[in-house]
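A.B. asks: Sequences listed follow chains L and E, in order. Counting in our numbering, the first sequence runs from 587 upward without gaps. Counting in our numbering, the second sequence runs from 8 upward without gaps. Sharing a structure with you now.
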Amino acid sequence: MSLTRHCLYFLSGVLASAVSSHATAAQAQIAVAANFAQPIKAVAELLNKTTGHTVQITLGSTGKLYAQIKNGAPFDAFLAANTEAPERLENEGLALPGSRFTYATGKLVLWSSRPDRVDPSGAVLKRPDLGKVAYANPKTAPYGAAALQVMDALGLSATLAPSLVMGESIGQAYTFVYSGNADVGFVALSQVLEGGRLKGGSMWQPPQNLYAPIKQDAVLLQRGSDNPAAVALMKLLKSPEVQTLIGAYGYEP
Amino acid sequence: MGLTPSDLQAIGLTLQVAALTTLILLAIGVPLAWWLARSRSIWRKPVGALVAMPLVLPPSVIGFYLLVLMGPQGWVGQWTQALGLGVLPFTFAGLVVGSVIYSLPFMVQPVLNAMQAMGNRPLEVAATLRASPLDRFVHVVLPLCKPGLITGAIMSFAHTVGEFGVVLMVGGNIPGVTRMVSVQIYDHVEALEYSDAHRLAAVMLGFSFVVLLALQWMNPQRRRATA
């Protein structure tokens, strides 16, 4: 460990103890898949309250964050939107073996920013006046892949193909629908909920048997193996308290 | 080269968007530059600043505002819908509109520089020979500003080819309609298809070098050819 990092730890320790009187507080840099933006802020707050540790959050798509970690980005832990990227990092020796676990299972919704547009059975997808249908890039976003599975299962892939527009991430798919440019869109349940209730518009939750569970894995990276803040965050994510909290954001614990 | 069919499709689409954008920019950028070079209006400076804005704005800002403005609730979107054109995001036309705005300074600036460098003298001489304003513009201004026009056209074309943020925001990533090369490369990287990304990125690298080299050759007398 370099001298500068020692100094940084010391400084962040001084700052944190000044605020919260925890003498051993540390700081960690964590990379988080964009769909988990809201809950991770709540978890980070809880971590700070209970331990004094602080975390700095970098949001992005799983593919991009993976590439950055592989190329030496200074992250201590990685909360991905799939299981493959953390597994790869473990195989490549960049993550701590055995630290990988599923912290959340995402749920897919069909959502429109217009109220009464999406009916409780998803029949809107068969309407002749259906406009553009947004979804995330299935190659890079697990929610996009799940959307394709749902369309396949409903036998609508061929008819919907000309209406599809693809967002670079689930966040962009949401933007397309939110701005009204897409009529409906497949997004994450966590994006349309606030305090456990629908923020606005209308939605349909496709039955879970129509798509493979969207398992999101977290992993402790080699760089964070001796960082108390990163270690504490991983532990906190597994706690029943946080699992309940994550559930309220539209994930299955 | 080992490019995939979808890579080739993205290249074809990119060339179409860039060519059309360059033609539109020649049509509106040259008169605009002429007005900026000659006008004494109080609007000259604000318009000049507006034209230069895409140089300093992040493409994500331009893309975001285009998405909102051209969407069904935006005023441009309301207007295009009233005209029966529908909304522009996720269409080829929408990409061209975005590219025209994004590449506007790359056409206007070199042409404006050439027009200002020309000075008043050739126009005064032509006027004493009783050339009409249009005559002067077509037979004096345009030939004298040819290097600036060529630089502007090449830079607009090349800049549109290299466009990323705007395409990502308003494109919707539809193969053959809005998925341009830059987004295709981004997709390859995100999907961890690094060798595919390498091949296409190398094509872009070679292309931009050739373009800049052509500019150097075309304007040998100008040391700062890309200015």
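Backbone N, C-alpha and C define an ideal beta-carbon position, used for all residues, glycine too.
1. Leaving out five residues on either side along the sequence, give the residues of the same chain with a beta carbon under 7 Å from the beta carbon of residue 40(E).
2. Counting only the same chain and skipping the five closest in sequence on each side, list residues whose C-beta sits under 6 Å from that of residue 711(L).
3. So what does DSSP say about residue 827(L), is it helix, strand or coil?
4. Determine, using beta carbons only, whether residue 726(L) and residue 197(E) come nearer to each other than 8 Å.
5. For residue 82(E) and residue 767(L), I'd like the C-alpha separation in whole angstroms.
6. Of all the CB atoms in chain E, is at least one closer than 8 Å to the CB of residue 621(L)?
7. Where does residue 49(E) sit, in a helix, a strand or coil, going by DSSP?
8. Return the chain-ordered ranges of every alpha helix (DSSP H) run that is complete within the stretch 754-825 of chain L and spans a minimum of 4 residues.
9. Starting from residue 180(E), find everything on chain L with Cβ-Cβ shorter than 8 Å and list it in chain order.
10. When the Cα of residue 724(L) is compared with those of 214(E), 55(E), 180(E) and 71(E), which residue comes out closest?
11. Suppose you measure from the CA of residue 24(E) to the CA of residue 93(E); what does that come to, to the nearest Å?
12. Out of curiosity, what's the CA-to-CA distance linking residue 663(L) and residue 629(L)?
13. Could you give the distance in angstroms between the alpha-carbon of residue 38(E) and the alpha-carbon of residue 729(L)?
14. From 799(L), 623(L) and 763(L), pick the residue whose C-alpha is nearest to that of residue 716(L); which is it?
15. Between residue 721(L) and the rest of its own chain, which residues show a CB-CB distance below 6 Å, the 5 nearest in sequence each way excluded?
16. Checking the sheet assignment: what are the DSSP bridge partners for residue 698(L)?
17. For residue 255(E), return the contacting residues in chain L, with the cut-off set at a CB-CB distance below 8 Å.
18. Would residue 140(E) pass as an interface residue toward chain L - the criterion being a Cβ-Cβ separation below 8 Å?
19. Report all residues from its chain with a CB closer than 6 Å to the CB of residue 736(L); omit the five preceding and five following residues, and keep chain order.
20. Answer with yes or no whether the minimum CB distance from residue 647(L) to chain E is below 8 Å.
21. Could you tell me whether the stretch 151-158 of chain E touches the stretch 212-228 of chain E, where touching means 3 or more Cβ pairs closer than 8 Å?
22. What residues from chain L crowd round residue 196(E), counting only those whose CB sits closer than 8 Å?
23. Please give me, in chain order, every unbroken run of the alpha helix (DSSP H) with length at least 4 that falls completely inside the stretch 78-134 of chain E.
24. What do you get for residue 201(E), buried or exposed, if any count of 16 or more other CB atoms within 10 angstroms of its CB means buried?
25. For residue 177(E) and residue 187(E), which I take to be in contact (beta-carbon distance under 8 Å), what is that distance rounded to the nearest angstrom?
26. Starting from residue 863(L), find everything on chain E with Cβ-Cβ shorter than 8 Å and list it in chain order.
27. Nearest to residue 702(L) by CA position, among 639(L), 770(L) and 745(L), is which residue?
C.D. replies: Let me spell this out:
1. Against the second sequence, residue 40(E) aligns to sequence position 33. Counting only Cβ-Cβ distances below 7 Å, and skipping sequence neighbours, we find 115, 118, 119 and 122.
2. Here residue 711(L) is taken as the residue at index 125 of the first sequence, counted from 1. So the list reads 742, once near-sequence residues are dropped.
3. What you label residue 827(L) is simply residue 241 of the first sequence in a count that begins at 1. Helix.
4. Mapped onto the first sequence, residue 726(L) falls at position 140. Mapped onto the second sequence, residue 197(E) falls at position 190. Going by C-beta atoms, residue 726(L) is nearer than 8 Å to residue 197(E).
5. Start at 1 with the first residue of the second sequence, and residue 82(E) comes out as number 75. Start at 1 with the first residue of the first sequence, and residue 767(L) comes out as number 181. Going by the C-alpha atoms only, they are around 13 Å apart.
6. Position 35 of the first sequence, counted from the start, is the residue given in the question as residue 621(L). No - not a single Cβ of chain E is within 8 Å of the one on residue 621(L).
7. Locating residue 49(E) in the second sequence gives position 42, where the first residue counts as 1. If DSSP states are grouped into helix, strand and coil, residue 49(E) belongs with coil.
8. 756-764, 775-778 and 814-824
9. One-based indexing of the second sequence puts residue 180(E) at position 173. The contacting residues are 723, 751, 752, 753 and 754.
10. Sequence index remark: in the first sequence, residue 724(L) carries index 138 (1-based). Considering only alpha carbons, the answer is 180(E).
11. Locating residue 24(E) in the second sequence gives position 17, where the first residue counts as 1. Locating residue 93(E) in the second sequence gives position 86, where the first residue counts as 1. For residue 24(E) and residue 93(E), the distance between alpha carbons rounds to 20 Å.
12. In the first sequence, counting from the first residue as 1, residue 663(L) sits at position 77. In the first sequence, counting from the first residue as 1, residue 629(L) sits at position 43. So the alpha carbons of these two residues sit roughly 14 Å apart.
13. Taking the first residue of the second sequence as position 1, residue 38(E) is located at position 31. Taking the first residue of the first sequence as position 1, residue 729(L) is located at position 143. Each residue's alpha carbon lies about 48 Å from the other.
14. By 1-based counting over the first sequence, the position of residue 716(L) is 130. It is 763(L).
15. Counting from 1 along the first sequence, the entry for residue 721(L) is found at position 135. So the list reads 730, 733, 759 and 772, once near-sequence residues are dropped.
16. Taking the first residue of the first sequence as position 1, residue 698(L) is located at position 112. Its beta-bridge partners are 788(L).
17. Lying before the first or after the last residue shown, residue 255(E) is absent from chain E, which here runs from 8 to 234.
18. On the second sequence, position 133 is the one that residue 140(E) refers to. So no, residue 140(E) is outside the interface.
19. Start at 1 with the first residue of the first sequence, and residue 736(L) comes out as number 150. 792, 796 and 797, listed in sequence order.
20. In the first sequence, residue 647(L) corresponds to position 61, counting from 1. It does: the Cβ of residue 647(L) has a partner Cβ on chain E nearer than 8 Å.
21. yes
22. As a position in the second sequence, residue 196(E) is number 189, starting the count at 1. Within chain L, the residues near residue 196(E) are 649, 650 and 653.
23. 82-89 and 99-125
24. Residue 201(E) sits at position 194 when you count from the first residue of the second sequence. Around the beta carbon of residue 201(E), fewer than 16 other beta carbons sit within 10 angstroms, so the residue counts as exposed.
25. Start at 1 with the first residue of the second sequence, and residue 177(E) comes out as number 170. Start at 1 with the first residue of the second sequence, and residue 187(E) comes out as number 180. With a Cβ gap of about 11 Å, residue 177(E) and residue 187(E) do not count as contacting.
26. The requested residue 863(L) does not occur in the structure, where chain L is confined to residues 587 to 839.
27. To locate residue 702(L), count along the first sequence from 1; it is residue 116. Minimum Cα distance to residue 702(L) is reached at 770(L).
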